[in-house]
Every structure is written in C-alpha cells, then in structure tokens.
Amino acid sequence: MNYNWDWSVFFKSTGIGSEIYLDWFVTGLGWTIAIALAAWIIALSLGALLGVMRTMPSRWVSGIATVYVEIFRNVPLLVQLFLWHFLVPDLLPEPLEIWFKQDLNPATSAYLSVVVCLGLFTAARVCEQVRTGIQALPKGQLGAARAMGFRLPQIYRYVLLPQAFRIIIPPLTSEFLNIFKNSSVASLIGLMELLAQTKQTAEFSANLFEAFTLATLIYFTLNMSLMLLMRLVEKKVAVPGLISVGGK
Amino acid sequence: MMDFSAIIPALPGLADGLLMTFQLMVLGVLGGVALGTVLALMRLSHNPLLSKAAGIYVNYFRSIPLLLVITWFYFAVPFLLRAITGEDTPVGAFTSCLVAFMMFEAAYFCEIVRAGIQAIPKGQMGAAQALGMTYGQSMRLIILPQAFRKMTPLLLQQSIILFQDTSLVYTVGLMDFLNAARSRGDIIGQPHEFLIFAGLVYFSVSFIASQLVKLLQKRLAV
Numbered sequence: 336m337n338y339n340w341d342w343s344v345f346f347k348s349t350g351i352g353s354e355i356y357l358d359w360f361v362t363g364l365g366w367t368i369a370i371a372l373a374a375w376i377i378a379l380s381l382g383a384l385l386g387v388m389r390t391m392p393s394r395w396v397s398g399i400a401t402v403y404v405e406i407f408r409n410v411p412l413l414v415q416l417f418l419w420h421f422l423v424p425d426l427l428p429e430p431l432e433i434w435f436k437q438d439l440n441p442a443t444s445a446y447l448s449v450v451v452c453l454g455l456f457t458a459a460r461v462c463e464q465v466r467t468g469i470q471a472l473p474k475g476q477l478g479a480a481r482a483m484g485f486r487l488p489q490i491y492r493y494v495l496l497p498q499a500f501r502i503i504i505p506p507l508t509s510e511f512l513n514i515f516k517n518s519s520v521a522s523l524i525g526l527m528e529l530l531a532q533t534k535q536t537a538e539f540s541a542n543l544f545e546a547f548t549l550a551t552l553i554y555f556t557l558n559m560s561l562m563l564l565m566r567l568v569e570k571k572v573a574v575p576g577l578i579s580v581g582g583k
Numbered sequence: 025m026m027d028f029s030a031i032i033p034a035l036p037g038l039a040d041g042l043l044m045t046f047q048l049m050v051l052g053v054l055g056g057v058a059l060g061t062v063l064a065l066m067r068l069s070h071n072p073l074l075s076k077a078a079g080i081y082v083n084y085f086r087s088i089p090l091l092l093v094i095t096w097f098y099f100a101v102p103f104l105l106r107a108i109t110g111e112d113t114p115v116g117a118f119t120s121c122l123v124a125f126m127m128f129e130a131a132y133f134c135e136i137v138r139a140g141i142q143a144i145p146k147g148q149m150g151a152a153q154a155l156g157m158t159y160g161q162s163m164r165l166i167i168l169p170q171a172f173r174k175m176t177p178l179l180l181q182q183s184i185i186l187f188q189d190t191s192l193v194y195t196v197g198l199m200d201f202l203n204a205a206r207s208r209g210d211i212i213g214q215p216h217e218f219l220i221f222a223g224l225v226y227f228s229v230s231f232i233a234s235q236l237v238k239l240l241q242k243r244l245a246v
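In order, the protein sequences belong to chains A and B. If you read the first sequence in the working numbering, its first letter stands for residue 336, the second for the next number, and so on. If you read the second sequence in the working numbering, its first letter stands for residue 25, the second for the next number, and so on.
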C-alpha cells in the first residue's frame with residue numbers, strides 16, 4: 336500500500352497556537368467524558384424513576400412511563416439531538432431563548448443539548464433494565480415486605496431497588512458504554528468531542544489513517560477498561576444466593 | 025406558528041430519501057446477517073484460531089461508535105480500493121456506508137445468531153451426524169433453519185434499530201430520509217416543521233414494526 340504512515344504526526348504542531356495534534360485528542364476525550372458522565376446521571380436517575388413507575392400497580396402511572404419509553408426508543412438519536420438543539424430552544428420563553436442562543440458560547444449550548452438528549456434517550460433504556468430487574472425478583476420479596484408493614488415507597492427503597500440494581504449491573508454497564516459511543520453524535524452539532532477532533536486532525540494533517548486508528552484505540556481502551564471495572568463492581572455487590580456472577 | 029403545508033409539495037423528494045433509508049436498511053440487514061452467521065459459526069468452531077478471530081472482530085466493532093465506523097469507511101474505502109486496483113475506482117458514499125453498516129451490524133447479528141444456535145438442543149446435531157450428515161450438512165439442513173426460526177424476532181428487532189441508525193449517514197452527506205428532510209426544510213425556511221415530520225415518520229415506522237415483532241414473538245412462542 337503506497338501510504339506513508341507517520342505516527343509522529345500527533346506530536347506535530349497543528350499550526351494553531353502552540354498546540355500539537357495530541358492536544359486536540361486530549362480535549363476531545365475530555366468533552367466525550369464530560370458528555371457521558373453528565374448524561375449518565377440524568378439517565379440513571381430518570382431511568383430508575385421510570386422503571387419504578389412501570390412496575391407500579393396504577394395503570395396511569397405505568398402508562399405514562401410506557402409512552403415515554405416508546406417515544407424515546409422509536410425516534411433515531413440523531414433526530415432527537417436535532418430536535419433538542421434546533422427546535423426546543425425556539426419553544427422556550429424569550430429570555431431563556433436569548434440566553435441559550437446568544438449568551439452561551441456555541442460549545443456550551445451544544446454541550447447542554449447533547450447532555451439533555453443523551454440523558455433522556457438513555458433513560459428510556461435504563462427504565463427497561465430497571466423494570467426487568469424488579470420483575471426478576473422473587474414475588475415473595477414484595478409479599479414479605481408488605482407483611483412487615485412497609486408502605487409502597489419503603490418497599491421500593493429498602494427491599495426491591497437495592498436488589499434489582501445489583502442484578503442489572505451487566506446491562507447497565509452496556510448502557511453506560513453506549514453513552515460513550517453515542518456521545519459521538521455531538522460532533523454533528525459542532526461540539527469538538529473525540530470524533531470531531533479526529534476528523535479535524537485527519538483533514539488538517541492529511542494523515543487520516545493515523546488519526547482514525549488513534550480514535551479507534553481510545554474508544555476501544557475506554558470500553559475495555561470500563562467493562563473490567565464494572566465486572567469488579569458486579570462481583571463485589573452480587574446478591575448472595577440469588578445469582579452467580581463471573582463463575583461464582 | 026408551525027405551518028406544515030410546505031411538506032406536501034416536498035413529499036416526492038422525501039420519498040426518495042426514505043427509499044434510500046430502506047435500501048440501506050435492507051441491504052445492511054442481509055449483508056449483516058450473512059456475515060454475522062459466518063462469524064457465529066467461527067465463534068462456535070472448535071478451532072481456537074477461528075473462534076479467537078471472530079471474538080476479536082465482535083469485540084472490536086462493539087466497542088467503537090457506529091459514527092466512527094461510517095466516517096472511517098467513507099475515507100478509507102476509496103483509498104484502499106486505489107491501493108488494491110492501482111487506479112481510481114469511484115466508489116460512492118452509498119457503497120462506503122453500506123459496507124460500514126454490514127460490517128458493524130455483523131458484530132451484533134453474530135451474537136444473536138450464536139445465541140440462537142446455542143439454544144438448539146445438542147441432540148439435534150448428534151442425530152444429524154448419526155444419519156451420516158457432515159458438519160456442514162447438519163448445520164445447513166438441521167441446525168440453522170431451526171435457529172433462524174427461533175431468533176427471527178431478535179433479528180427483526182435489531183433491524184429496526186438499524187433502520188434508525190441509518191440516519192447517521194447524515195455525517196457523510198448522503199441523502200437519506202433525515203438529510204432529505206433537513207435540507208428541504210432549510211431551503212424552504214421551515215426547518216422545524218420538516219424535522220418534526222421526519223421524527224414522526226421514523227417513530228411511526230419503528231413503532232408499528234416493533235408492535236408487529238411483538239405479535240410475531242407471541243405467535244412463534246406457542
């Protein structure tokens with residue numbers, strides 16, 4: 336293949352200030368992590384709430400959560416992102432709209448949009464995991480809690496949720512990894528996260544194979560380390576006697 | 025206020041976009057399932073080299089974003105073709121994206137197919153071989169037909185996800201449904217209306233399809 340591999344490109348100057356290309360990747364990775372963590376907080380808290388709602392006896396309460404899940408699961412992520420970034424600000428009350436469009440710098444407004452979008456998108460998926468986790472618990476748990484005289488909020492807080500969350504760590508891990516991967520859509524509304532920085536490096540330096548290889552390696556390493564970390568957590572918090580984790 | 029009347033004259037153009045979206049999905053699913061089946065057979069094979077290779081493939085594609093894969097292929101496929109054939113081979117964005125989808129989805133389909141094959145009782149393979157069938161024959165005639173029947177709902181569910189994922193070709197400027205709606209909305213000056221319309225169409229198609237899959241799942245379960 337007549338391609339001149341040049342791995343030193345990452346240490347070359349970008350021509351902008353005193354930055355080298357590697358700096359771009361570091362900034363990009365920083366944004367990617369910042370998006371993923373903030374969105375995960377939204378996804379986990381809202382998803383837990385929705386998941387509880389879906390297991391409630393009230394038809395209304397569970398119906399609302401079902402509608403939420405269906406809407407957010409059946410519209411492509413990118414369409415949702417465009418809706419949040421281009422449509423929703425126009426629907427806000429005027430002072431907020433002006434603040435979002437004029438006072439914030441473009442990176443901040445793009446960041447807010449993508450965090451809200453990814454958070455709400457992933458919440459629908461977390462909701463389904465939480466629901467499955469609660470429903471997977473033995474029926475006797477609910478009955479026993481009732482017999483102890485617990486009220487419904489107490490049953491969820493002290494009996495169902497602590498067990499359910501420990502069971503669903505593996506699927507929650509893959510949702511967490513998905514947030515990292517999905518955060519790359521932010522590049523399409525102009526936020527310079529990892530993928531956007533990679534594309535920029537490829538265009539500026541013309542060393543596109545090196546740039547894309549490095550990006551691939553970063554995503555890969557990130558995923559593998561998070562997966563290993565979560566496997567440790569999973570072992571640590573496994574419910575004794577309920578399930579066997581990682582070969583007991 | 026919103027005015028959706030401009031969408032009606034734009035419908036033919038939007039339909040073209042939707043057609044491209046469906047083409048990407050159908051071809052992506054066919055290619056993905058074919059490659060995914062090969063990978064699944066490799067993963068289940070007793071040859072450690074084959075199963076390792078397939079394992080690496082699946083892990084690799086499952087840990088990077090689809091958007092990165094699309095961009096990678098968009099840049100790399102024409103370049104690689106030039107390196108292989110020695111001359112400029114024009115390969116459109118459509119082909120690059122399609123290859124990216126097939127290879128990416130193959131990793132996900134592989135896991136579905138593998139689970140499907142593993143769900144078939146071991147005795148089936150034994151019985152096939154007792155009848156004198158070779159490994160290839162028993163896979164092709166006995167195991168795979170049953171496995172595919174079992175995993176049809178999952179394969180369809182993954183295809184619905186792929187339908188939504190095709191919108192990511194926006195990144196290379198391919199005129200799929202989302203891009204058609206975005207660009208028409210911008211030209212006419214009503215981006216919001218077109219974006220909402222696009223969202224509604226994606227929602228209706230995926231929602232109806234997933235309800236049908238649920239029905240099918242019930243029927244197949246009997």
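A virtual CB, placed ideally from N, CA and C, is assigned to each residue, including glycine.
Backbone secondary structure at residue i - three-state DSSP
i	result
I184 of chain B	helix
N339 of chain A	coil
T536 of chain A	helix
T113 of chain B	coil
K76 of chain B	helix
I503 of chain A	coil
H420 of chain A	helix
E432 of chain A	helix
E129 of chain B	helix
R486 of chain A	coil
G581 of chain A	Low confidence applies here, because G581 of chain A scores a pLDDT of 41, under 50, leaving its location unreliable and the question unanswered by this model.
D358 of chain A	helix
I94 of chain B	helix
A374 of chain A	helix
A124 of chain B	helix
Within chain B, the residues that residue i reaches when beta carbons sit closer than 8 Å
i	result
D425 of chain A	H216
Span of the alpha helix (DSSP H), counted from its first residue to its last, around residue i
i	result
S353 of chain A	No alpha helix (DSSP H) contains S353 of chain A, which DSSP labels as neither H nor E.
N558 of chain A	543-572
R164 of chain B	Neither: R164 of chain B is in no alpha helix (DSSP H) and is coded neither H nor E.
P475 of chain A	Correcting the residue type first, residue 475 of chain A is Gly in the shown sequence and not Pro. That run of the alpha helix (DSSP H) goes 474-482.
K242 of chain B	215-245
L523 of chain A	Element bounds for L523 of chain A: n/a, residue is neither H nor E.
G66 of chain B	It is Met, not Gly, that sits at residue 66 of chain B in the sequence shown. Where M66 of chain B is concerned, the enclosing alpha helix (DSSP H) stretches over 31-68.
K347 of chain A	Unbroken run through K347 of chain A: none, as it is neither H nor E.
E405 of chain A	394-409
M149 of chain B	146-154
I211 of chain B	201-212
T457 of chain A	441-471
Inter-residue Cα distance where the pair is residue i and residue j
i	j	result
A458 of chain A	I514 of chain A	11 Å
S234 of chain B	E405 of chain A	10 Å
Y159 of chain B	S183 of chain B	29 Å
A546 of chain A	T533 of chain A	6 Å
Y446 of chain A	A521 of chain A	8 Å
A152 of chain B	S162 of chain B	6 Å
P505 of chain A	K570 of chain A	11 Å
Y98 of chain B	I370 of chain A	26 Å
K238 of chain B	P177 of chain B	8 Å
V580 of chain A	L567 of chain A	Low confidence applies here, because V580 of chain A scores a pLDDT of 45, under 50, leaving its location unreliable and the question unanswered by this model.
D27 of chain B	W434 of chain A	26 Å
M483 of chain A	R408 of chain A	38 Å
G582 of chain A	M565 of chain A	In this prediction, G582 of chain A scores a pLDDT of 39, lower than 50, which makes its location untrustworthy; no coordinate-derived value is stated.
P283 of chain A	L427 of chain A	Here chain A has residues from 336 to 583 only, and residue 283 of chain A is not among them.
E510 of chain A	V461 of chain A	7 Å
Y491 of chain A	A373 of chain A	25 Å
W295 of chain A	Q535 of chain A	No answer is possible for residue 295 of chain A: the residues shown for chain A start at 336 and end at 583.
F125 of chain B	Q489 of chain A	47 Å
Closer than 7 Å at the beta carbon, the chain B residues around residue i
i	result
K571 of chain A	None at all; the shortest Cβ gap to chain B is about 23 Å.
F417 of chain A	L219
F511 of chain A	Those do not exist, as F511 of chain A stays about 13 Å from chain B at its closest Cβ, beyond 7 Å.
N613 of chain A	Here chain A comprises residues numbered 336 to 583, so residue 613 of chain A is not present and cannot be evaluated.
L413 of chain A	S191, L192, Y194, L202
Chain B residues whose Cβ lies nearer than 9 Å to that of residue i
i	result
N339 of chain A	Here the premise fails: no neighbours, minimum Cβ distance about 12 Å.
F555 of chain A	N83, Y84, S87, I88
F421 of chain A	P215, H216, L219
Residue i: contacting residues in chain A (beta-carbon distance under 9 Å)
i	result
T113 of chain B	Neighbours of T113 of chain B on chain A: none; closest Cβ ~15 Å, over 9 Å.
L92 of chain B	K516, S519, L529, L530, T533, F547, A550, T551, Y554
S234 of chain B	E405, R408, N409
Interface partners of residue i on chain A, CB under 8 Å
i	result
Y226 of chain B	N409, V410, P411, V414
Taking contact to mean 3 or more Cβ pairs, one atom from each stretch, closer than 8 Å, check whether the segment 84-94 of chain B and the segment 118-137 of chain B are in contact. Yes, they touch.
Note to self: For the pair the segment 64-75 of chain B and the segment 125-144 of chain B, tell me if three or more CB-CB distances fall below 8 Å.
What the structure shows: With a cut-off of 8 Å, the segment 125-144 of chain B and the segment 64-75 of chain B count as touching, because enough Cβ pairs lie within range.
Is it true that the segment 192-205 of chain B meets the segment 25-40 of chain B, where meeting means three or more beta-carbon pairs spaced less than 8 Å apart?
Verdict: yes, contact present.
Query raised in the report: Any chance the segment 433-447 of chain A sits against the segment 476-489 of chain A, with 3 or more Cβ pairs inside 8 Å?
Result: Touching, no.
Check whether the segment 215-226 of chain B and the segment 411-419 of chain A are in contact - that is, three or more C-beta pairs closer than 8 Å.
At 8 Å Cβ cutoff, the stretches touch.
- prompt: Counting Cβ pairs closer than 8 Å, one from the segment 348-364 of chain A and one from the segment 522-542 of chain A, do we hit at least three?
  reply: Yes, since at least three Cβ pairs between the segment 348-364 of chain A and the segment 522-542 of chain A fall closer than 8 Å, the two stretches touch.
Checklist line | Touching by the beta-carbon criterion (3+ pairs, under 8 Å), the segment 54-65 of chain B and the segment 123-137 of chain B | finding: Contact holds: three or more Cβ-Cβ distances are below 8 Å.
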